[in-house]
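Number of protein chains: 2
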Amino acid sequence: MERFQKEKYIAQLSIDCVIFGYKNKELKVLISKLSYGEGLWSLPGGYILKTESIDEAASRILKERTGLNNIYLEQFRAFGGKDRIIGSEYREMVRSGLKSFDPDRFDDEAIDWVTDRFVCLGYYALVDLNKVNPKMGEFEEFLKWEGVEELPHMTHDHNSIVAAAHKALRQNLDEQLIGFNLLPETFTMKEVKELYEAVYDKEFPMNNFQKKILGLQVLERLGKKYTGAQNRAPYLYRFKK
Amino acid sequence: MERFQKEKYIAQLSIDCVIFGYKNKELKVLISKLSYGEGLWSLPGGYILKTESIDEAASRILKERTGLNNIYLEQFRAFGGKDRIIGSEYREMVRSGLKSFDPDRFDDEAIDWVTDRFVCLGYYALVDLNKVNPKMGEFEEFLKWEGVEELPHMTHDHNSIVAAAHKALRQNLDEQLIGFNLLPETFTMKEVKELYEAVYDKEFPMNNFQKKILGLQVLERLGKKYTGAQNRAPYLYRFKK
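Protein chains in written order, with UniProt numbering: chain A, 1 to 241; chain B, 1 to 241.
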């Protein structure tokens, strides 16, 4: 296997991605099960090439992991505790995992590089979960979507990173109308309301909510959605591009 | 002079500080005149020791530059354009400046390190300008407070960093009641209003403003401020700790 080319990347600086999706009235995050040991979960992430900007790196990593271009993506903060990795049990697990992996790919110097202290730049992404085709990273067994309130304990400070991303998402949802990135192309007003309720974890009365959202004048009303059910068919909407 | 010990620091990662102060009804930023050449201005900044967290590094740098402990400090975003320094005229100016500086302090390897591409973590700080005793960095001629709207062209993307910090300050001023960090220990309501007007660059009618600020219940009213002038003496306030 090809040697890991650490010299191509900026050392001690990584990107971790909180990829938000929305399904079954729940805000979800894409997390990966690491192959180093039992119960090791982590956020998808990667390194920054010396020849790309940090935003380009984040877009590239997200494309590699989701197959999607033009994802809505926002850098929200850097995480730089001095104890990130250094000295932790996890570090030894990674070191022995890498040693047993493939000596042609990871020599001792590369292992030192990968297990050094890293400052992480946190990005969150909003995706239409139905369009994503999650792809595993090198040391991952599988990926899965998990409810933001039901995440397992993750390595490093990844649970704190998700909490900070969720906070940033709440602050930006209203202001920047980014929530529609989580929905399919067309949706009913009830679906928008349920999305907001999932993100903010509180209920919004339908009348006020619909008035507020329509007042923003960013939605285009399409035909009615006939489901064959007895109740009144709701209108479908689409976000004006 | 002592050799610059680059091995103590994380490479390619720096901290730049937007230090906000407030004087003469104007929001000001502390900027430094660099000694490398004519008209070179920059934000105060520094590197991150491998043994300290990024927040500790920012606090240390701010203490070194202002003499103050316990400054209000907020990380607001990372700046990582691929063209930060690399290939710019400025880089050559810095290289030749460092070469002529002191070969015992900066050898060729150290000069390469300092002039490599850096990703910068932006922090903004709010200080009582009267308490600050600005201290020059190694390659600075002098520091000065300049109005946020009257800044000279600065090196790299430092003008954009200030603009982003100003935006973050506006977003946080109300929510987190951080504005009082810019004022002296005691102040009149008029002074608070003028501060808000300077930060948001718009006027607030006094009656509504006073009602809103007092409604937050974070201020303690002290005695009246007698100035000897003919007009009514205003109350002095203090932020409840």
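Virtual Cβ for every residue (Gly too), placed ideally from N, Cα, C.
Handout entry: is_contact[serine 53 (chain A), chain B] using C-beta, thresh 8 Å
Key = yes
Practice task
Say whether chain A places a C-beta atom closer than 8 Å to the C-beta of isoleucine 178 (chain B).
Solution key: no
Exercise for the section: Sort out for me which residues DSSP pairs tyrosine 9 (chain A) with in a bridge. Expected result: A:Leu49
Problem - Cut-off 7 Å between Cβ atoms - residues of its own chain near lysine 131 (chain A), not counting five sequence neighbours on either side - result: Leu68
Handout entry: Cutoff 8 Å: arginine 77 (chain A) Cβ touching any chain B Cβ
Key = yes
Practice task
Look up valine 119 (chain A) in the DSSP assignment and say whether it is helix, strand or coil.
Solution key: strand
Handout entry: Residue-chain proximity (glycine 81 (chain B), chain A), Cβ-Cβ < 8 Å
Key = yes
Problem - Three-state secondary structure (DSSP) of valine 29 (chain A) - result: strand
Practice task
Starting from the C-beta of tyrosine 9 (chain A), find all residues in its chain whose C-beta is less than 8 Å away, skip the five residues before and the five after it, and write them out in chain order.
Solution key: Tyr47, Ile48, Leu49, Lys50
Practice task
Would you verify that the beta carbon of lysine 240 (chain B) is, or is not, closer than 8 Å to some beta carbon of chain A?
Solution key: no
Practice task
Quick one: using the 10 Å Cβ neighbour count with 16 as the cut-off for buried, is leucine 214 (chain A) buried or exposed?
Solution key: exposed
Exercise for the section: Compare the C-beta of glutamine 5 (chain A) against all C-beta atoms of chain B and say whether one is closer than 8 Å. Expected result: no
Exercise for the section: Please state whether DSSP places arginine 238 (chain B) in a helix, a strand or coil. Expected result: strand
Handout entry: Test: alanine 12 (chain B) CB closer than 8 Å to a CB of chain A
Key = This sequence places glutamine at residue 12 (chain B); alanine is not what is there. At least one chain A Cβ lies under 8 Å of glutamine 12 (chain B).
Handout entry: Neighbouring residues, chain A, relative to lysine 167 (chain B) (Cβ below 9 Å)
Key = Near lysine 167 (chain B) there are no residues of chain A at all, since even the closest Cβ is about 12 Å away, more than 9 Å.
Practice task
Name the two residues that bound the continuous beta strand (DSSP E) containing lysine 144 (chain B).
Solution key: 140-147
Handout entry: the stretch 30-47 of chain A / the stretch 123-142 of chain A touching (three or more Cβ pairs under 8 Å)
Key = yes
Handout entry: Three CB pairs or more closer than 8 Å across the stretch 185-201 of chain B and the stretch 88-108 of chain B
Key = no
Exercise for the section: Could you name the residues of chain A that leucine 173 (chain B) contacts, counting a contact when the two beta carbons are closer than 9 Å? Expected result: Residues of chain A passing the Cβ test: none, with the nearest at roughly 14 Å.
Problem - Closer than 7 Å at the beta carbon, the chain A residues around leucine 121 (chain B) - result: Ala78
Exercise for the section: Give the straight-line distance between the Cα atoms of valine 94 (chain A) and cysteine 120 (chain B), rounded to the nearest whole angstrom. Expected result: 28 Å
Problem - Cβ pair asparagine 181 (chain A), leucine 98 (chain A) closer than 8 Å - result: no
Exercise for the section: Ignore the nearest five residues each way along the sequence and tell me which others in proline 134 (chain B)'s own chain have a CB closer than 7 Å to its CB. Expected result: Leu30, Arg65, Thr66, Leu143
Problem - Any chain B beta carbon closer than 8 Å to residue 242 (chain A) - result: Residue 242 (chain A) cannot be examined here, being either before or after the span of chain A that is shown, 1 to 241.
Practice task
Taking the CB atoms as reference points, tell me whether arginine 91 (chain A) and threonine 115 (chain A) lie closer together than 8 Å.
Solution key: yes
Handout entry: Straight-line gap, aspartate 112 (chain B) to proline 184 (chain A) (C-alpha atoms, nearest Å)
Key = 49 Å
Problem - Limits of the unbroken alpha helix (DSSP H) element including phenylalanine 209 (chain A) - result: 206-215
Problem - Residues from the stretch 94-120 of chain A in contact with chain B, defined by Cβ distance under 7 Å - result: Arg117, Val119
Exercise for the section: Can you grab the Cα-Cα spacing for the pair serine 21 (chain B) / aspartate 128 (chain B), in whole Å? Expected result: According to the sequence shown, residue 21 (chain B) is glycine rather than serine. Distance between the alpha carbons of glycine 21 (chain B) and aspartate 128 (chain B) is about 6 Å.
Problem - Beta-carbon proximity of glutamate 220 (chain B) to lysine 240 (chain B), cut-off 8 Å - result: yes
Exercise for the section: Kindly list the residues whose CB is nearer than 6 Å to the CB of glutamine 210 (chain B), restricted to its own chain and excluding five residues on each side of it in sequence; keep chain order. Expected result: Met189
Practice task
Return yes when the Cβ of glycine 122 (chain A) is within less than 8 Å of the Cβ of alanine 57 (chain A), no when it is not.
Solution key: no
Problem - Under 8 Å between C-beta atoms of alanine 168 (chain A) and tyrosine 124 (chain A) - result: yes
Practice task
May I have the straight-line CA-CA distance separating proline 152 (chain B) from valine 162 (chain A), to the nearest angstrom?
Solution key: 39 Å
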